[in-house]
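Numbering follows full-length UniProt numbering, in which position 34 of the sequence shown is assigned residue number 34; successive positions increment by one, without gaps. Note that beta-carbon positions come from the ideal geometry of N, C-alpha and C, so glycine has one too.
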Amino acid sequence: MKKINPKYIFVVGGVMSSVGKGVAAASIGKILQSKGYRVENIKCDMYVNIDAGTIRPAEHGEVFVGEDGVEADQDLGNYERFTGQISTRENYITTGQVYQEVIRRERNLEYGGEDVEVVPDIPNEIIRRIKECQQKNNADIIVTEFGGTVGEYQLVLFLEAARMMKAQNPQDVYFVMVSYLPTPSLLGEQKSKPTQTAIRILNSAGIIPDIILCRARDKVADSIKNTISTVCSLDKERIISAPDVYSIYDIPVNFEKENFGATILKAMGLKSKKSGMKDWEKFSKKIKNIKKEINIGIVGKYFNFKSCRDTYISVIESINHASWAHNKRPNIIWLDSEKYEKDPKELKELKKLNGIIVPGGFGKRGTEGMIMVAEYARKNKIPYFGLCLGMQILTIEFARNVLGLTDANSIELNPKTTNPVICTMEDQKDKIRTKNYGGTMRLGACLARLSEDSLSFRAYGKKNISERHRHRYEFNNEYKEDLKNNGLRIAGINIQRNLVEIVEVENHPWMVGVQFHPEFKSQPLKPHPLFYDFIKSLY
Ligand code: GLN
1 MKKINPKYIF VVGGVMSSVG KGVAAASIGK ILQSKGYRVE NIKCDMYVNI
51 DAGTIRPAEH GEVFVGEDGV EADQDLGNYE RFTGQISTRE NYITTGQVYQ
101 EVIRRERNLE YGGEDVEVVP DIPNEIIRRI KECQQKNNAD IIVTEFGGTV
151 GEYQLVLFLE AARMMKAQNP QDVYFVMVSY LPTPSLLGEQ KSKPTQTAIR
201 ILNSAGIIPD IILCRARDKV ADSIKNTIST VCSLDKERII SAPDVYSIYD
251 IPVNFEKENF GATILKAMGL KSKKSGMKDW EKFSKKIKNI KKEINIGIVG
301 KYFNFKSCRD TYISVIESIN HASWAHNKRP NIIWLDSEKY EKDPKELKEL
351 KKLNGIIVPG GFGKRGTEGM IMVAEYARKN KIPYFGLCLG MQILTIEFAR
401 NVLGLTDANS IELNPKTTNP VICTMEDQKD KIRTKNYGGT MRLGACLARL
451 SEDSLSFRAY GKKNISERHR HRYEFNNEYK EDLKNNGLRI AGINIQRNLV
501 EIVEVENHPW MVGVQFHPEF KSQPLKPHPL FYDFIKSLY
């Protein structure tokens, strides 16, 4: 087939945020991929931060780590889970990165004596980055999601970049607006006026949407589609209903029920090369019928007023993928570790759990409670999976209560401990001293070699693995022999730097701690081997 001109789809939000724009963008990627196109998704965030690594997770959600160590917005996780795209820096753009690059170039005299202006130099840099992602990945279609909603001041330069691209190549640039239709409880009917207003705001930026995805509680009524169609001069088939769903994995399937793929391909003048969402349709149907429940506790600390869902989204989805593969419905129970510190009697609520996960985290708050949970899980033989901080917690607990090193700790949590079983990584010391924090942790994919007598080796079915990291502290090798001799198996090592990557408690059904983040690599139809083995041990 003749190589097509790359196409660019921009996904913008109308009315309000948190209505699933990220999952919609991921679903668009998934659908176009299933039609035989090479797709890359990009997330643009409006903040001046260079990346998401320095942002509080309780407010902004998980920091998703890409293969090359980029610390990005959680939406890259959605893209990766839906399309299998391997996320790297090219998939993530922030206002901070754009300005930093323009200013760097100005300082290097790269503007040839011209004055550097917000317009067009900032939009031009946004366009350059989007095109660079297309070229590096040889993509047919780039789906670029803009964070936030139209009408926000900080979105202006991104919209301007998209408008400029459209003006330069009208045949290659398209817009999908994800809007929201509220159903006020007093009226009981859907209202389209906020969406109409959002479309007009987008128009005033010089942009006409090609497709409107209407997020709503229920299916969008025909009469409403007619109204929106008239107001924004779009064929009715381009107004797509996107009602609330049982699971996010229903979304691409539902979009297809409304003929989304064929409609957008037609708009772009492209043909479907193949149709391949059958496995996904089967999967979305299967998970609805799973009955048997398992109770999994996640010991959190980044609670906000709603839930921890966004903060631990990759962990939750990894649990889902693995549980569904075992035909189990996971029931996630949030455990607040600070509660156990206040009253250890509260620990008895752990009895009802089939398994416990201690996920990643930073800082001292709540960690004593986590250590109590690890002790409870070890003594009561409840399966325990420690992710990054959770591995460090497992090690501290083991050192304190099995080796008798009562003040064992991590240097991060108690700099004065006389038994730093978790210590500062050598190359981090200078960074911490000079407060050089942004993007400087041990980040991204690193290799590990597994020992053949380990649970982990059995789970992966191979000796050499690669997983993504995000940490400053590490297992202290000075305690390795002692811990090993007392029943802590060293199951995985990074040979290049002699770093312990996985520990396992012997004589326990399943107590494993990993220094990396396996949750970033789990996919719905390809659960992560360690999550798969963890869930298997629960029943
Ligand atoms: N705070 C710990 C460290 O930096 C663990 C990090 C994490 O859980 N991602 O080593």
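Closest Cα partner of residue i within the set the options
i	options	result
E40	E256, R217, R89	R89
G53	H326, I495, G96, G151	G96
H508	S522, N485, S537	S537
L450	E481, K429, N414, R489	R489
S27	V176, E114, T434	V176
R217	P243, T227, N203	P243
E132	K521, G461, Y8, Y111	Y8
K35	M277, I86, R105	M277
T94	G112, V503, I55, Y79	I55
K345	M372, I264, N320, N331	M372
residue 562	T83, G487, M370, P330	As displayed, the chain neither begins before 1 nor continues past 539, which places residue 562 out of reach and without an answer.
I316	D533, F520, I122, K30	F520
D75	D310, E474, E452	D310
P359	L181, Y312, S272	Y312
E293	L265, K352, R238, K271	K352
K286	Y249, S275, I319, N295	Y249
R81	G29, E101, L109	G29
V512	P123, K3, C388	C388
K136	Y174, S87, Q100, Y180	S87
I465	E478, L525, F10, I493	I493
Y47	K3, L157, L32	L157
F516	T418, I264, V65, Q190	V65
N-terminal and C-terminal residue of the beta strand (DSSP E) that residue i is part of
i	result
G492	488 to 494
R442	442 to 450
S466	464 to 471
I9	7 to 13
R329	329 to 336
Y174	173 to 181
E67	First-last for E67: undefined, no H or E at that position.
A216	211 to 216
S241	239 to 243
Y460	Note, Y460: premise wrong, no beta strand (DSSP E); alpha helix (DSSP H) at 455 to 460.
G300	293 to 300
E501	499 to 505
Alpha-carbon to alpha-carbon, residue j and residue i
i	j	result
M164	I290	49 Å
residue 540	I199	Given that the chain is displayed from residue 1 to residue 539, the structure contains no residue 540 and the question cannot be resolved.
L413	S229	58 Å
L447	Q496	8 Å
G188	S223	15 Å
V178	K21	6 Å
I411	R365	14 Å
K18	T195	Inspection of the sequence shows that residue 18 is occupied by Ser rather than by Lys. Using only the alpha carbons, I get a separation of about 15 Å.
K257	E281	11 Å
A459	F534	9 Å
K339	V299	11 Å
P57	C308	9 Å
D172	F475	51 Å
G112	I130	24 Å
P209	V421	57 Å
Cβ-based burial, residue i [other Cβ within 10 Å; buried from 16]
i	result
R470	buried
D73	buried
W334	exposed
R128	exposed
G206	exposed
I103	exposed
D51	buried
V116	exposed
N91	buried
A167	exposed
D343	exposed
T149	buried
N78	buried
K43	buried
M16	exposed
Boundaries of the alpha helix (DSSP H) in which residue i is found, first to last residue
i	result
F385	Per DSSP, F385 belongs to no alpha helix (DSSP H); it is in the beta strand (DSSP E), 384 to 387.
M370	367 to 379
F158	156 to 168
Y532	529 to 536
N41	Run containing N41: none in the alpha helix (DSSP H); it sits in the beta strand (DSSP E), 39 to 45.
T227	222 to 231
Integer-rounded CB distance, given that residue j should sit under 8 Å from residue i
i	j	result
E501	V514	7 Å
L350	I356	7 Å
V11	E145	4 Å
C214	I240	7 Å
is_contact[residue i, chain B] using C-beta, thresh 8 Å
i	result
G66	Judged by its chain identifiers, the structure shown contains no chain B, having just a single protein chain.
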